[in-house]
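Going by the working numbering, the first residue of the sequence shown is number 526, and it counts up by one from there.
Presented below is the structure to which this report refers.
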Amino acid sequence: MPRTPLIVGNWKMHTGREEAVRLATAIAAGDVPGVELAVCPPFPWLVPVATALVGSTVGLGAQNCWTEESGAFTGEVSPTMLAELCRYVIVGHSERRRILGENDDAVRRKLTAALAAGLTPILCVGEDLDMREAGHATAFVGAQLESALSLRSDADVCRCVIAYEPIWAIGTGIAAQPADAEEMASEIRAVLGSLAGGNAGERIYILYGGSVSPANAAAILAGGNVDGALVGGASLKADSFLAIAAAAV
Ligand code: PEP
Numbered sequence: 526m527p528r529t530p531l532i533v534g535n536w537k538m539h540t541g542r543e544e545a546v547r548l549a550t551a552i553a554a555g556d557v558p559g560v561e562l563a564v565c566p567p568f569p570w571l572v573p574v575a576t577a578l579v580g581s582t583v584g585l586g587a588q589n590c591w592t593e594e595s596g597a598f599t600g601e602v603s604p605t606m607l608a609e610l611c612r613y614v615i616v617g618h619s620e621r622r623r624i625l626g627e628n629d630d631a632v633r634r635k636l637t638a639a640l641a642a643g644l645t646p647i648l649c650v651g652e653d654l655d656m657r658e659a660g661h662a663t664a665f666v667g668a669q670l671e672s673a674l675s676l677r678s679d680a681d682v683c684r685c686v687i688a689y690e691p692i693w694a695i696g697t698g699i700a701a702q703p704a705d706a707e708e709m710a711s712e713i714r715a716v717l718g719s720l721a722g723g724n725a726g727e728r729i730y731i732l733y734g735g736s737v738s739p740a741n742a743a744a745i746l747a748g749g750n751v752d753g754a755l756v757g758g759a760s761l762k763a764d765s766f767l768a769i770a771a772a773a774v
């Protein structure tokens, strides 16, 4: 079954309240047939953005969640809470892994909790430049996938979205070569096929993230294994985000 392109905006720690509502409203108004869109605003803007998106098909996602449903975890937000508002949650973004010390174990527990709450986790994986230059990118990404997903059933794996985001491409303006993104997406399908033992490798959505722009999106999405994009900087302007979406069809 063909996979409908999915373009997700990760607004990171950007936008004020009014700007977030304006951006969500403009994205909701931009009709891109044949493409699924989603936006992941900062936590405080989830409610106003959810309100701005009422009546539109644009999905809502959070950028992070905690590992437990409730409890004494000051400052954290549970997937169960997010599931009241959101369809998606980003898990294991490299900024959280690097800056906040989130390790593979925490990522696995967050993904597990997100699935239990009925959310669609967008699991971020990707190598740094040293790994790539040493020729270890595929093994590194494979190990991240295995850590997060090896205990999950094929059905659970199919409920996830994988975002391949090479760290050296995030926010640098240097996107992966389309052939490299395509090759890694194909490797990810192979790993997931062997891990879950079912057809997750064929069914799962794989996004590419890292300096996606209206200029490079069509080439990155052309290969057949990359189903969409996780977009940071270019998701903060409705016209560039919608142009990336238009390039996906
Ligand atoms: C991201 O942070 O997920 C990302 C892909 O950022 P950018 O598009 O700005 O490289």
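Heads up, the beta-carbon is just placed ideally off N, CA and C, and yes, glycines get one too.
Source: prediction; values computed, not measured.
If you follow the alpha helix (DSSP H) that residue i is in, where does it begin and where does it stop?
| i | result |
| --- | --- |
| Thr663 | 662–674 |
| Ala688 | Counting along the chain, Ala688 falls outside any alpha helix (DSSP H), though it belongs to the beta strand (DSSP E) covering 686–689. |
| Ala706 | 703–721 |
| Pro534 | Note that residue 534 is Gly in the sequence shown here, rather than Pro. First-last for Gly534: 531–535, but that is the beta strand (DSSP E), not the alpha helix (DSSP H). |
Alpha carbon to alpha carbon, how far is residue j from residue i? Give it in angstroms, no decimals.
| i | j | result |
| --- | --- | --- |
| Glu561 | Ile692 | 25 Å |
| Tyr733 | Pro703 | 10 Å |
| Lys537 | Ala587 | 10 Å |
| Val557 | Thr529 | 12 Å |
| Gly559 | Ala597 | 43 Å |
| Thr752 | Leu746 | This sequence places Asp at residue 752; Thr is not what is there. Approximately 7 Å between the Cα atoms of the pair. |
| Leu625 | Asn589 | 12 Å |
| Val533 | Ser765 | 12 Å |
| Asn750 | Thr599 | 40 Å |
| Thr582 | Glu727 | 25 Å |
| Asp653 | Val666 | 10 Å |
Using a Cβ-Cβ cut-off of 8 Å (strictly less than) and excluding sequence neighbours within five positions of residue i, which residues of its own chain qualify?
| i | result |
| --- | --- |
| Ser672 | Asp629, Asp630, Val632, Arg633 |
| Thr605 | Glu594, Ser595, Ala642 |
| Thr540 | Leu548, Pro566, Pro567, Trp570, Leu761 |
| Leu717 | Leu670, Leu674, Val682, Ile687, Ala725, Gly726, Ile729 |
| Tyr613 | Val533, Ala563, Cys565, Gly584, Leu585, Gly586, Ala587, Leu644, Thr645, Pro646, Ile647, Val686 |
Return yes when at least one heavy atom of the ligand PEP lies under 7 Å from the C-beta of residue i, else no.
| i | result |
| --- | --- |
| Glu690 | yes |
| Ile686 | In the sequence under discussion, the amino acid at residue 686 is Val, which differs from the Ile named in the question. Because no heavy atom of the ligand PEP lies under 7 Å away, the Cβ of Val686 does not count as near it: no. |
| Leu755 | yes |
| His618 | yes |
| Asn535 | yes |
| Val737 | yes |
| Gly734 | yes |
| Ala587 | no |
| Ile695 | yes |
| Ala771 | no |
| Gly584 | no |
| Gly559 | no |
| Ala744 | no |
By Cβ distance, which residues of its chain are closer than 7 Å to residue i, with the 5 residues on each side in sequence left out?
| i | result |
| --- | --- |
| Pro573 | Arg542, Ala545, Val546 |
| Ala772 | Pro739, Ala742, Ala743, Leu746 |
| Ser675 | Leu720 |
| Thr697 | Ser736 |
Leaving aside the five residues before and after residue i along the sequence, list all residues of the same chain whose C-beta is less than 6 Å from its C-beta, in chain order.
| i | result |
| --- | --- |
| Asp681 | Leu640 |
| Ser678 | none |
| Ser711 | Asn750 |
| Ala554 | none |
The beta strand (DSSP E) that contains residue i, what's its start and end?
| i | result |
| --- | --- |
| Leu610 | Leu610 -> no beta strand (DSSP E), and no H or E assigned at all. |
| Pro573 | Premise fails: Pro573 lies in the alpha helix (DSSP H), 571–577, not in any beta strand (DSSP E). |
| Leu767 | Premise fails: Leu767 lies in the alpha helix (DSSP H), 763–772, not in any beta strand (DSSP E). |
| Cys565 | 561–565 |
For the ligand COA, any of its heavy atoms closer than 7 Å to the Cβ of residue i?
| i | result |
| --- | --- |
| Gly758 | In the structure shown, the ligand COA is absent; the only ligands present are the ligand PEP. |
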